[in-house]
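Protein chains in written order, with the numbering used here: chain A, 25 to 507; chain B, 25 to 507; chain C, 25 to 507; chain D, 25 to 507.
Number of protein chains: 4
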Amino acid sequence: MENLPWDWDKPKEYCGVFGVYGHERAAQLTYLGIYALQHRGQESAGIAVSDGKHMCFHRGMGLVNDVFNEKIIDKLPGYMSSGHVRYSTTGSSNVANAQPFVVQYAKGALTIAHNGNLINAAKIKGELEKEGAIFQSSMDSEVIVHLIARSRKEKLEDAVVEALKIVKGSYSLIIMNENKMIVARDPHGFRPLCLGKLNNAYIISSETCALDLIEAKFEREIAPGELLVIDSNGLKSTNPFQPIQHSHCVFEYIYFARPDSTVFGQNVHLVRKALGKALARESKVSADMVIGIPDSGQSAALGYSEESRLPFDYGLIRNHYVGRTFIQPTQILRNVGVGIKLNPVKEVLRGKRIVLIDDSLVRGTTSRKIVKFLREAGTKEIHFRVSSPPIKHPCFYGIDTPFQKDLIASNHEIESIRQYINVESLRYLSIEGMLKATGPKAHNFCLACFDGNYPVKPDNDTNCHTIEKEELIRELTEEQLEL
Amino acid sequence: MENLPWDWDKPKEYCGVFGVYGHERAAQLTYLGIYALQHRGQESAGIAVSDGKHMCFHRGMGLVNDVFNEKIIDKLPGYMSSGHVRYSTTGSSNVANAQPFVVQYAKGALTIAHNGNLINAAKIKGELEKEGAIFQSSMDSEVIVHLIARSRKEKLEDAVVEALKIVKGSYSLIIMNENKMIVARDPHGFRPLCLGKLNNAYIISSETCALDLIEAKFEREIAPGELLVIDSNGLKSTNPFQPIQHSHCVFEYIYFARPDSTVFGQNVHLVRKALGKALARESKVSADMVIGIPDSGQSAALGYSEESRLPFDYGLIRNHYVGRTFIQPTQILRNVGVGIKLNPVKEVLRGKRIVLIDDSLVRGTTSRKIVKFLREAGTKEIHFRVSSPPIKHPCFYGIDTPFQKDLIASNHEIESIRQYINVESLRYLSIEGMLKATGPKAHNFCLACFDGNYPVKPDNDTNCHTIEKEELIRELTEEQLEL
Amino acid sequence: MENLPWDWDKPKEYCGVFGVYGHERAAQLTYLGIYALQHRGQESAGIAVSDGKHMCFHRGMGLVNDVFNEKIIDKLPGYMSSGHVRYSTTGSSNVANAQPFVVQYAKGALTIAHNGNLINAAKIKGELEKEGAIFQSSMDSEVIVHLIARSRKEKLEDAVVEALKIVKGSYSLIIMNENKMIVARDPHGFRPLCLGKLNNAYIISSETCALDLIEAKFEREIAPGELLVIDSNGLKSTNPFQPIQHSHCVFEYIYFARPDSTVFGQNVHLVRKALGKALARESKVSADMVIGIPDSGQSAALGYSEESRLPFDYGLIRNHYVGRTFIQPTQILRNVGVGIKLNPVKEVLRGKRIVLIDDSLVRGTTSRKIVKFLREAGTKEIHFRVSSPPIKHPCFYGIDTPFQKDLIASNHEIESIRQYINVESLRYLSIEGMLKATGPKAHNFCLACFDGNYPVKPDNDTNCHTIEKEELIRELTEEQLEL
Amino acid sequence: MENLPWDWDKPKEYCGVFGVYGHERAAQLTYLGIYALQHRGQESAGIAVSDGKHMCFHRGMGLVNDVFNEKIIDKLPGYMSSGHVRYSTTGSSNVANAQPFVVQYAKGALTIAHNGNLINAAKIKGELEKEGAIFQSSMDSEVIVHLIARSRKEKLEDAVVEALKIVKGSYSLIIMNENKMIVARDPHGFRPLCLGKLNNAYIISSETCALDLIEAKFEREIAPGELLVIDSNGLKSTNPFQPIQHSHCVFEYIYFARPDSTVFGQNVHLVRKALGKALARESKVSADMVIGIPDSGQSAALGYSEESRLPFDYGLIRNHYVGRTFIQPTQILRNVGVGIKLNPVKEVLRGKRIVLIDDSLVRGTTSRKIVKFLREAGTKEIHFRVSSPPIKHPCFYGIDTPFQKDLIASNHEIESIRQYINVESLRYLSIEGMLKATGPKAHNFCLACFDGNYPVKPDNDTNCHTIEKEELIRELTEEQLEL
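Spelled out as structure tokens, the structure:
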């Protein structure tokens, strides 16, 4: 079996969060919400609800639809709810690390759903453990829970603020006790988070696409550094943290967010088309047609086609029946790993000079395979165009990029990458071109993966890619039990 | 739970078949082959193999990847194999009706994988039962098996010919005993069937896309009325049936076949683009852009855009995480059934006049929902264009169309359909336009669903839509057991 | 994993049957009935019901409680029902061989539940196949179904009689169509079958213990050669077959039947005590106590104790948590296979001379292990006593004994068996002693396994132990799918 | 569905523990060990292993054989291991409450397997939570883990002693870190715990029967108040607690322990026989035979028979196929709940005067049903004899008795109980008779359930029966997910 994630060789988003306050069918709405956010995490899913007195939750490994069904949703009663989808790095792929994370502590029940990454979690965890704390998971988010449990503050919102002032990094999070929801976004605003309303209910979501699905009205983005308290008195907004220069993740535009979402104030598909147009302006080439690599390269390809006046066509068609796993008989077949997912239309490609558009290029391994594949289908010339700049540095704020040594652009000149993926020409979009295309608030983006300027420095460069210490205990996973 | 098939309100293909003779990893190749043919049937899947002495098989309800995994494939040893994917009408959705159908009879083992529909199966079945025959399934294909078992012919190929001379209708089929494979396509050539080679192994497939996946060489289509015998002496082609006017199913081009397949001599994506161009020529309209309904309308939309010079854009984006079932909380949400699968890009659509392209229009119910959905996203004008003629008659040759009364074009004028789906204008492609676009061999197509001229008359108009008689026995299905 | 059947190294009963006619909760009663008959077959279970128009059924591998639950039972509506538990020889252990066997044929639905074995089934099957018949299973019982389907008789009972006149061997069977139940017992009366009533409903059962559980009134045994027709006109008894000397299976008393059942006119526990008393009279020995091997040896041990005046004690206690499979770490432990099930009470056994009672001795392998085990627990002397005569011949009438070469008494003198199982003395009950203990109708028993006098001669001595021909087709079993 | 536990209406043991130090197949041995201890807890099972560096564990709901299979055992590598079976009161029946409980804390990995009950756990938990501790389960045992985590002691054994000096109640427990095993038994010695050796490996077990199964040598009981440290330096015994009067649970003899175990210095079956003899001496009656209620009443019945000279017979036979759940069609049948498990042998009972022996009588409800059942089978007179004194008080030391109000002997005179269960006569064993039968160390037993003298007073009489506070969070259980 080979895992076939959403797209090979792309950075991975860690998580998506969704919350509902004030709707009698909170679990149903949350199910739909995380269904719409599925692209932000495919490894585990979970929903926690409260009826004002008791919390009930279910989490599991797999897609939202693997984890939930109608009967399960019906067993989650309550008017407030938070949901979570998660992708995680290898090594901690078990249900103990699924969210929402739910505990019972001195003051009652507490749940947290977190999108982002805390860069000083390991240090805090070590200190708490020395005092006798026992952690249940290897998630950085659990640190926030312990800090809340130790706080002497009476009100949950005050304890949350106290805890968040200790942690550093990125977070868009939803915390609930039995009858109150606290929503917070870190002062840098790394990850998106927005507020909607469905009749009288408040809806929280990582992206607007989830609001659209449940036909909720988009109210506004939750501001960086904003903290919402939602309870029977309604919604109260506060700004308890020191204001700071914003650092939105530009990769939400390039690859992560769904094209129909509005993120950081603009529609994602239109930004991607603009990136494609900018790319066309920067790196024209004589060719017969523009082909996007499905699905993430299609918006930029359309933009490139419009700007360059080269016709757009489907030279690679995505197979919609590809599941998450696939039996790869490597002994007998070479290209099947790519071919199972992308189907070249030989009659379109044969003898043609194509501009091939992808949104980003990480390791280069998959791109190389696709190129080989297209050549075998008869393509004459391939001019590879990437609608983002070269990725040279790892991310510490909630995205899973490979270690720096595996980022092809970190170690190779463009010409050497061109030779590796074996195309007639290769061009990336420039940082300037990208910022121009993303609109007027260009100074508000985190460009660390491109230029290495990290808005928040991790404590220790060598091990900052993961906050986990060695796991000494291991429960057999469901997968192990079945093998 | 609501089932979300490949596309709502589209005709359904009954089946796809795939076979391998002469490869030591026949089951692995067949797994890949039916994986590539998944679009032809999503209800059940099966593989039967033979090592020359014993046959081994596995079938199950669900997608190929639900039914098979690496361990199961490894338990299917042999150098010859046939595989099948199936969609069936309601009422017989159980594993007894999955194929390949495998029996042991007086002369040994026998398996059949069949794509098509026999219009006189019910009659033959009745006669055989009167003589004491006991049927295991409600599939028309089992009739062929019983006819073979009753034949006095010594050789399997002779018994098959004897049986096929009795049945009427459409069939692309693969029959195997322990050491011989018989491949046959009905004289009308309703369904496609092609021959490939992988080194020395013979490969049989409903469509060429499956040959591409396993990197087999496409040899040729198997001709209407052709019967192949493949055994240790190699491949022998015969034409045992009376030649007859060909009647290829034009819907394979319009909707069924995969865009990267070559069917009836032409690439499907290119034919669809040609249909879109023809549609643009026939029914131009002043608009801001062309939007295809994913995924089947995209090729025609691209053709329409090229011919009309109206820009093509993504106004509806398909959600790739939609599973086969989905919890629809109908009590609280109206459009979620459409919205879970198609995501409108409001920023693209708002205030725009669009040409909306779909490949076909059956009941009109889904189109109506999509239109409503697009209007709510702010679309100003919607000009609906269908890249095929109005469907007015049911199909008896292996496609599941609704009963005539449910075919909207069978009972309504175009203007009344336009009002029902609520668009500014509605145009279908003409039959002539369609035939011109499908190329020079236009006289070889079955147009019965458009014009009612059936190449083979069903015995009895009223019950010919299904060949099944009432089922008196019912085994509890896996689904029932779990509910 | 090692299978731990009901008891190691014992003959195996093939089946138990149970039927209900005229009760609105027929499926529930049948579930209870086959639950009570579980000891007659632990490999598969099934229930078929009819509401007068349609038949519905469910069958599965495993114990009754593995196969059925409340929800499944609730999905089996009808006023008539038949149920079956089965043990089968290796090679055909799959759900296709579970019963009731249900088919749809020219005259409607038909189901059969059969306890017994047809010795000429292979021959008849071959003849039917030559005429084109296709069999679905490798069960001898399917032969009866095909013979019924081919009968020209209008009435089901007449077709059944016609079919049963062709087959030879043992059968206690329940046949149903949509609205009629036919019950038949072979003229030899090999297997038990009885009739009960629960209010107005007729109940059929292999043993009376199932009547007791559902609180039905025992009416009478169904006579050898009797055929009942039960339908809306009530119950009609006929005797369509030639009367013949009865041949009741004496092993039903010795080992198979449940101790609380009344079989062939006597209570089983009391017959077993009588066998134990007879054994004590025949082979007295000086010892400290009588120990029965649980559970089947306990009744006889109690009889031996009463007759011999030696105290009865629990020196071996059965572990009631032993499941059907068990992980045997053979690398590290020797006796665990016995020890997991039988727990010696060392404080009872230490230094004692015991009379160890078992009901029968087949291969001797398990007895040898138990003896070794008892010696390690400190037993001083072991005098093994068997409450039945030496088994020297295989059974062809529905019991699974090993091949003759594996029957220890077939090839060894008693002294050599004694040495093999390593006891101070070994005695069997004599045939005469056994017949005296089983009561006045001693001449009505089949003693073939003891004396080789077969009431119905099998066609061919060499292969008659199984009626199956080689299976050329094999469907992957659920177990294989999970491994 | 109705749960059919080991025996209805009996007190329930909470747990059994088993440990291995110094064997390369520690998990396999532990699997066998908890298999043998299955009678001490049927709700959940678990095993944790350590290879000296990492701990690996698996726990699940159900019987040992439901939770483990060979493949799972093979995935648990290590030379030290602890296992646990658990029965729990309703309300906390979920896998989070299964043991061994395993955590990672500041000093590494830690696991605990506990048999017993801490009467001051709720109080300690409340104090720890106030300081910010977060508990994962509602088990009292987790309190010990938190106390260890907070200890400043460097050595695990010192931290354990510090923790155990704080808790009050009963405990036989096995604690492990990555390379050390600590075994402790509370100073009262409520629950049994013994030490064995298998070659060089140390074996710990609640009962000796588990040593027998793996063929380990019984070394000795672990003394009340003893604490063992087992590591690479071998085994070291200490007695860190204040010596105190022993209070062995006499119910281990009466009902819990397996008859082949040696507990508190004597074989359980022989003690039970002695109790039966004492009972016969105290309450003779004129009758035809002695019948024990299977299985727990059989040993005492045999003793009663020997002493009274009344013959012992099997009038009630246990059905060995009874699973853990059972569909009870209460609408149609009255006695099936008893009848599915106990089968009366009418031919033995009819017209007879019997002495019916049971080991204990708690609520009386089941006894009443069995008596009714026996009468319907024709029994003429029933003289009920109980081989233990009347239970009048709840247990706080690890046994689940009903609340005091449900203990029939707590609220009713014997005559009134006799009338309720409807027997000709009823007698209990006297406390004096019981103590005489249990041997010379009679003063070492806890008799609280009979006389209300609690060796350790619970903090608060009203809620002491459970140490849990209200659970505010609830994860959907596997069972809920499947319903």
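All C-beta atoms, glycine included, are put in the ideal place defined by N, C-alpha and C.
> Which same chain residues, not among the five before or five after C/Ser-434, have their C-beta less than 6 Å away from its C-beta?
Replying inline: Lys-416, Gln-428
>> Looking only at its chain, what residues have a beta carbon closer than 6 Å to the beta carbon of C/Asp-475, apart from the 5 residues adjacent to it on each side?
In response: none
>> Does the CB of B/Tyr-226 have a neighbour CB from chain C at under 8 Å?
In response: no
>> Quick check: the region 312–319 of chain C against the region 449–467 of chain C, are at least 3 beta-carbon pairs closer than 8 Å?
In response: The region 449–467 of chain C vs the region 312–319 of chain C: no contact.
> Along chain B, in chain order, which residues have C-beta atoms closer than 9 Å to that of A/Pro-283?
Replying inline: Result: Tyr-338, Ile-341, Asn-367, Val-369.
>> Tell me whether the region 135–151 of chain B and the region 189–204 of chain B touch, counting them as touching only if at least three CB pairs, one residue from each stretch, are closer than 8 Å.
In response: Judged by Cβ distances under 8 Å, the region 135–151 of chain B makes contact with the region 189–204 of chain B, as three or more pairs qualify.
> With burial defined as no fewer than 16 other Cβ atoms inside 10 Å of the residue's Cβ, what is the status of A/Ser-329: buried or exposed?
Replying inline: buried
>> What does the alpha-carbon distance come out to for the pair D/Asn-343 and B/Gln-128?
In response: Approximately 41 Å, taken between the alpha carbons.
>> Which complete beta strand (DSSP E) runs does the region 364–438 of chain A hold, if anything under 3 residues is left out?
In response: For the beta strand (DSSP E) assignment, the uninterrupted runs of no fewer than 3 residues enclosed by the region 364–438 of chain A are, from N- to C-terminal side, 366–368, 377–382, 405–410.
> Relative to the C-alpha of C/Ala-324, which residue among C/Ala-50, C/Val-379, C/Phe-242 is closest?
Replying inline: C/Val-379
> What whole-angstrom Cβ distance do D/Glu-181 and D/Ile-206 have, given they're in contact under 8 Å?
Replying inline: 6 Å
> Would you report the Cα separation of C/Val-410 and C/Arg-451, rounded to the nearest angstrom?
Replying inline: Those two C-alpha atoms are separated by around 6 Å.
>> Helix, strand or coil, according to DSSP, for B/Leu-500 in the structure here?
In response: Three-state result, B/Leu-500: coil.
> Where does B/Lys-260 sit, in a helix, a strand or coil, going by DSSP?
Replying inline: strand
> Distance, Cα to Cα, A/Glu-499 vs A/Leu-366?
Replying inline: Near 37 Å, if we compare the C-alpha coordinates of A/Leu-366 and A/Glu-499.
>> Which runs of the alpha helix (DSSP H) at least 4 residues long sit entirely within the region 282–330 of chain B? Give them in chain order.
In response: 292–306
>> List, in chain order, every chain B residue whose beta-carbon is nearer than 7 Å to that of C/Tyr-129.
In response: Glu-153, Ile-158
> Any idea what DSSP makes of C/Thr-486, helix, strand or coil?
Replying inline: Below a pLDDT of 50, predicted positions are generally treated as unreliable, and C/Thr-486, at 37, falls in that range; no measurement from the model is reported.
>> Below 8 Å on C-beta distance, what does C/Glu-202 contact in chain B?
In response: Leu-496
> Does DSSP put D/Phe-42 in a helix, a strand or coil?
Replying inline: strand
> Between A/Glu-276 and A/Val-287, what straight-line distance do the alpha-carbon atoms span, to the nearest angstrom?
Replying inline: 8 Å
> Roughly how many angstroms separate the alpha carbons of A/Phe-244 and A/Glu-250, rounded to a whole number?
Replying inline: One detail in the question is off: residue 244 of chain A reads as Arg in this sequence, not Phe. Each residue's alpha carbon lies about 12 Å from the other.
> Is the region 81–100 of chain A touching the region 395–402 of chain B, taking contact as three or more C-beta pairs under 8 Å?
Replying inline: no
> Hey, would you say the C-beta of A/Thr-135 is under 7 Å away from at least one heavy atom of the ligand HEM?
Replying inline: Ligands in the displayed structure: none, and consequently the ligand HEM is not present.
>> Report the start-end ranges of each beta strand (DSSP E) in the region 109–162 of chain D that is 3 residues or longer and not cut off at the edges.
In response: 125–129, 132–142
>> Less than 8 Å between the C-beta atoms of B/Ser-161 and B/Phe-125, yes or no?
In response: yes
>> Tell me the residue span of the beta strand (DSSP E) that contains A/Phe-280.
In response: Segment: none, A/Phe-280 is in no beta strand (DSSP E) and carries neither H nor E.
> Quick one: Cα of D/Ile-190 to Cα of A/Glu-153, how far?
Replying inline: 21 Å
> Tell me which same chain residues have a C-beta within less than 7 Å of the C-beta of B/Val-185, skipping the five on either side of it?
Replying inline: The answer, listed in chain order, is Leu-251, Pro-264.
> Which of the residues in the region 39–70 of chain D, read from start to end, lie with their CB under 7 Å from any CB of chain A?
Replying inline: none
> Counting pairs of beta carbons, one from the region 254–274 of chain B and one from the region 230–237 of chain B, are three or more of them closer than 8 Å?
Replying inline: Fewer than three beta-carbon pairs drawn from the region 254–274 of chain B and the region 230–237 of chain B are found closer than 8 Å, and the two stretches are therefore not classed as touching.
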